[in-house]
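Participant: Before we start, here is the structure in question, set down as structure tokens.
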Amino acid sequence: MCLAVPGQVIETKDETAVVDIQGNHLDVLTTLVPDAQSGDYVLVHAGLAIALISPDDYHEHQRIMQEIQNYAQRALEQP
Amino acid sequence: MQNSPTRNDADTPTAESAHLVKLLHRLATRLHPRHINVMEVCGTHTAAAQAAALPALLPENVRLISGPGCPVCVTPAAFIDQAAHLALQHHVHILTYGDMIRVPGQTTSLEEARRHGAQVSVVYSARQALQIAARKPDKNFVFLGIGFETTAPATAVALAAARQQHLTNFFVLSAHKRLMPAMQALCSDQALAIDAFIGPGHVSVIIGSHAYTDLVARYRRPCVIAGFTGQQMLLALVHILTQLLDNTPAVANVYGSRVSTEGNRRALDLIAQTFTPADTRWRGLGVIDQSGLALAAPWQTFDAAHAFQLPQPPDAEPPGCRCGDVIKGLIPPADCPLFARRCTPDHPIGACMVSREGACTAWYRYRRSENHHA
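Just so you know, the sequences run in chain order A and B.
If you're matching positions, the first sequence starts at 4 in this note's numbering and goes up one per residue.
If you're matching positions, the second sequence starts at -9 in this note's numbering and goes up one per residue.
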């Protein structure tokens, strides 16, 4: 129920977009992400796109992971 | 033969995860002898944690508790009976997300009502429900609005479209809920001793990370928003333990830029325009103030409860069922006397076992081989 899945916008229409999710083309409402364009990545939940996500998301995630580990390392080094 | 799902490759420990686990253990050792209870409030986190065998990887003084984050699990039993009543007595066609079909109500389930002639269909979206209703104007349709702030906007969009199209046969029976009041209620419960929360990634996309600020400011609990892999949850746990060690509780987000501070403004506006907070019962938890999303006054003509004058039956748990204690994290599923005996995924008694993301289902699928009395 909680899960949203990432997909790529193939085609935009008035209130919806065709989104490629792992090879499946779904008709998705774009009410919450009206600026979504073809080629953009979106998070889709229950037929509704809830956020735009960037291809850099993955790289940002890696960066966050490293930061947190550094943070934890520093906390452990405190007496 | 048990349908045991294999663990997803993406969830099995990688070198990176192994490193996080080591870090976690070092942090936990520094916090020892303190016992740390971290609650996740998302059904998908429950399932992800079990699939990644997280509980077995955790330090012995750190416990991960599955909280009331499965909207199917916390839908009151009486809601199911109301839906069945609508179908059987008012000849309404019920449209619902699939995971509600087998949820046991007080006296029946939608699946059972269907066997008695009720029209009940599964839809994957509120929009699909609306399209079905629009195609059959001579039949009344009621869409069951289940879910937190991630899902409520979709219901709001469907209602707006119903109004625009002047539909008179489309209704919503709302059991939508707000996550934050439940988290605050859990914080206030002295018996629970929750030290920190892992925040649900997708609800947070909608409500924004600032929604957790009060939990930190008032209750001094770290809140770390995470995505839905075991690795994300390990990362969140490392972050939480670091905050506890440093005594710097804060809101943090390891799910990346898809979660902003302010959330999705459009979604929040839609929710505010369509729903009004209401005191609502959570299955197993009782009534939590302002935790429900009832249809606001301008939408009353689409409110099934209003349109069909549904009575509000008193709610009660099935005898022996301890879903409430499981949802609060007071007991593990295996400690419920019904678990794996009378209550199994094939024959569920409580909602925790019906939903694929319920704590009991997850435990049953991934941990039943452990040495519990089940």
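Think of the CB as a built atom: it goes at the ideal place given N, C-alpha and C, for glycine as much as any other residue.
Rounded to whole angstroms, what's the CA-CA distance from A:Tyr61 to B:Arg105? Just pull it up for me.
Facilitator: At A:Tyr61 the pLDDT is 49, less than 50, meaning the model places this residue with poor confidence; the figure from the coordinates comes in the next sentence. Distance between the alpha carbons of A:Tyr61 and B:Arg105: 47 Å.
Participant: Less than 9 Å separating the beta-carbons of B:Ala186 and B:Val228?
Facilitator: no
Participant: Opposite A:Thr15 in the DSSP bridges: which residues?
Facilitator: A:Ala20
Participant: Find the residues of chain A that neighbour B:Ala257, judging by a C-beta separation of less than 8 Å, and give them in chain order.
Facilitator: Leu35 and Ile53
Participant: Under a Cβ-count criterion, where at least 16 other Cβ atoms within 10 Å of its own Cβ denotes burial, should B:Pro(-5) be classed as buried or exposed?
Facilitator: Interpretation of B:Pro(-5) is limited by its pLDDT of 38, a score under 50 that renders its predicted location unreliable; the figure taken from the coordinates is listed afterwards. When all chains shown are included, B:Pro(-5) counts as exposed.
Participant: For B:Lys167, which option in B:Gly220, B:Ala240, B:Gly59 and B:Leu235 has the closest C-alpha, if you only look at C-alpha atoms?
Facilitator: It is B:Gly59 whose Cα lies nearest to the Cα of B:Lys167.
Participant: Would you call the stretch 262 to 278 of chain B in contact with the stretch 241 to 254 of chain B, where contact means no fewer than 3 C-beta pairs closer than 8 Å?
Facilitator: Taking a contact to require three or more Cβ pairs closer than 8 Å, the stretch 262 to 278 of chain B and the stretch 241 to 254 of chain B do not qualify as touching.
Participant: For a minimum of 4 consecutive residues, which ranges assigned as the alpha helix (DSSP H) are wholly contained in the stretch 128 to 201 of chain B?
Facilitator: Under the rule that a run must span 4 or more residues, the alpha helix (DSSP H) segments found entirely inside the stretch 128 to 201 of chain B read 142 to 154, 169 to 178 and 191 to 197.
Participant: Could you pull out every residue in the same chain whose Cβ sits closer than 7 Å to the Cβ of B:His22, ignoring the five residues on either side in sequence?
Facilitator: Asn51
Participant: At a CB-CB cut-off below 7 Å, which residues of chain A make contact with B:Ile196?
Facilitator: Ile53
Participant: Is there a C-beta anywhere in chain A that falls below 9 Å from the one on B:Tyr366?
Facilitator: Nothing about residue 366 of chain B can be reported from this structure: the residues present for chain B run from -9 to 364 only.
Participant: Between which two residues does the beta strand (DSSP E) holding B:Phe329 run?
Facilitator: Segment: none, B:Phe329 is in no beta strand (DSSP E) and carries neither H nor E.
Participant: Quick one: grab the DSSP three-state call for B:Ile278.
Facilitator: strand
Participant: Kindly list the residues whose CB is nearer than 7 Å to the CB of A:Gln69, restricted to its own chain and excluding five residues on each side of it in sequence; keep chain order.
Facilitator: Within the same chain, A:Gln69 has no close Cβ partners at all.
Participant: Here's the rule: buried if 16 or more other CB atoms are within 10 angstroms of the residue's CB, otherwise exposed. What is B:Lys318?
Facilitator: buried
Participant: What residues in the stretch 38 to 53 of chain A bring their beta carbon closer than 7 Å to a beta carbon of chain B?
Facilitator: Leu46, His48, Ala49, Gly50, Leu51 and Ile53
Participant: Decide yes or no for the touch test of the stretch 86 to 94 of chain B against the stretch 293 to 301 of chain B: beta carbon pairs closer than 8 Å, at least 3 of them.
Facilitator: no
Participant: My parser needs the alpha helix (DSSP H) runs of 4 or more residues fully inside the stretch 200 to 233 of chain B; what are they?
Facilitator: 203 to 209
Participant: What is the DSSP secondary structure of B:Phe265, reduced to helix, strand or coil?
Facilitator: B:Phe265 sits in a strand when the DSSP states are folded into three classes.
Participant: Please list, in chain order, the chain A residues whose beta carbon lies closer than 8 Å to that of B:Pro143.
Facilitator: Thr34, Leu35, Leu51 and Ile53
Participant: Could you tell me the boundaries of the alpha helix (DSSP H) in which B:Arg357 lies?
Facilitator: Ala349 to Arg357
Participant: Along the chain, where does the beta strand (DSSP E) containing A:Leu2 start, and where does it finish?
Facilitator: Residue 2 of chain A lies beyond the stretch modelled for chain A, which goes from 4 to 82, so this question has no answer here.
Participant: Just checking: is the beta-carbon of A:Gln11 within a distance shorter than 9 Å of some beta-carbon in chain B?
Facilitator: no
Participant: Is there at least one non-hydrogen atom of the ligand ADP closer than 8 Å to the beta-carbon of B:Pro58?
Facilitator: Ligands in the displayed structure: none, and consequently the ligand ADP is not present.
Participant: Could you list which residues in chain A have their beta carbon closer than 8 Å to that of B:Thr232, in chain order?
Facilitator: Simply Ile71, Tyr74, Ala75 and Ala78.
Participant: Can you list, in chain order, the residues of the stretch 111 to 130 of chain B whose Cβ is nearer than 8 Å to any Cβ on chain A?
Facilitator: Cβ contacts with chain A come from Tyr114, Ser115, Ala116, Arg117 and Gln118.
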